[in-house]
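Written out below as structure tokens is the structure these notes cover.
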Amino acid sequence: MKWEHALKDYQMYLKIERGLSQNSIDNYTLDIRKLIKYLEAHNEHISPVDINPPIIQQFIYDISKKVNARTQSRIISGLRSFFNYLIFEDYRKTNPLSLIESPKIGRKLPDTLSEEEIDELIGAIELGKRTDGLYIGERNRAILETLYGCGLRVSELINLKLSDLFFDEGFIKITGKGDKQRFVPIVETTQKYINIYRKEVRNHLHIKEGHEDTLFLNRRGRQLTRAMIFTIIKQLAEKIGLKKNISPHTFRHSFATHLLQNNADLRSIQLMLGHESITTTEIYVHLDKSHLSKVVEQYHPRK
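So the sequence shown is residues 1 to 303, counted in the UniProt record's numbering.
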């Protein structure tokens with residue numbers, strides 16, 4: 001069995017059997033290709049069916065000198081999953097990573113922004129200024145307000161459709177990881193900025209075929225890329241002299257943290273973020289120890 005054949009079958013398994021998103025499938029594929037590239041570089045002509053633990057161990061040792069513990073752990077996990085699939089399909093009897101331990105890593109708490117920092121970032125957007133004849137600032141304001149106001153992943157934001165907007169009901173429909181759908185509340189302020197963007201920017205674009213239902217578009221009438229959202233945020237952070245290393249995900253973390261600080265329950269936050277497990281949502285409890293103190297003071301009988 002050749003690597004490309006095994007990889008193609010595995011990708012189909014991840015898509016059909018496990019229902020993973022294309023982004024997740026691409027990440028799994030990338031880790032396996034790292035191993036393939038290593039084998040080619042060391043002239044190791046061995047199939048995925050025959051590869052043995054010593055070769056895998058040497059590969060892990062090699063990458064440990066190039067990546068941090070978190071990335072190393074992810075690669076090991078991805079490879080273990082791949083070889084478990086080959087066992088499941090009766091191509092192999094054992095997993096060559098069964099005795100390889102992932103490096104111990106601490107849970108990294110996400111960076112967050114204060115309400116004042118978010119206001120400052122959005123306030124730094126130039127409004128009423130035409131770029132190539134369009135008010136791009138109005139679009140960027142709507143993007144940041146939606147990221148923060150609804151707690152979206154960047155992939156969810158760029159894939160948001162006009163047909164996903166249910167403003168009369170106060171919700172938007174989000175397609176998240178594994179194509180799982182959820183409804184997220186959207187406040188009137190965010191609705192207002194989206195409507196301004198649609199009226200003053202989107203309605204004046206020459207929209208390309210296939211992008212007619214996409215909400216956020218670039219100047220050429222096509223769906224925005226993840227990289228473009230990162231660029232918008234990085235430029236605004238530089239403009240206000242923000243020292244924190246932020247990304248689109250920082251707005252999602254801030255959304256969850258601020259809800260928790262204002263006494264929202266974890267279960268509601270979990271549903272809005274689209275987390276499979278409440279354990280993932282619980283990380284936000286660790287961000288604000290004062291919230292825990294307030295809970296004890298308010299509810300404990302011995303307060």
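Cβ atoms here follow ideal geometry from the backbone N, Cα and C, with glycine treated the same way.
Considering only 103, 245 and 27, the residue with the shortest C-alpha distance to residue 69 is 103. At the C-beta level, residue 232 and residue 247 stay beyond 8 Å of one another. Comparing alpha carbon positions, the residue from 58, 28, 155 and 5 closest to residue 225 is 155. The beta carbon of residue 228 lies closer than 8 Å to those of 218 in the same chain, with the five residues before and after it left out. The C-alpha of residue 38 is placed about 16 Å away from the C-alpha of residue 82. In the DSSP assignment, residue 181 falls within the unbroken beta strand (DSSP E) covering 181-185.
Counting along the chain, no alpha helix (DSSP H) covers residue 171; the unbroken beta strand (DSSP E) around it starts and ends at 171-175. For the 8 Å CB-CB criterion, residue 157 and residue 175 do not form a contact.
Rounded to whole angstroms, the separation of the alpha carbons of residue 249 and residue 111 is 9 Å. Within its own chain, the residues whose Cβ lies closer than 6 Å to the Cβ of residue 177, once the five positions on either side in sequence are excluded, are 21, listed in chain order.
Residue 258 and residue 172 have their C-alpha atoms some 20 Å from each other.
Bounds of the alpha helix (DSSP H) holding residue 253 are 248-261. Membership of residue 49 in any alpha helix (DSSP H) is not indicated, and neither H nor E is assigned to it by DSSP.
DSSP, read as helix, strand or coil, puts residue 148 in helix. Rounded to whole angstroms, residue 241 and residue 138 show a C-alpha spacing of 22 Å.
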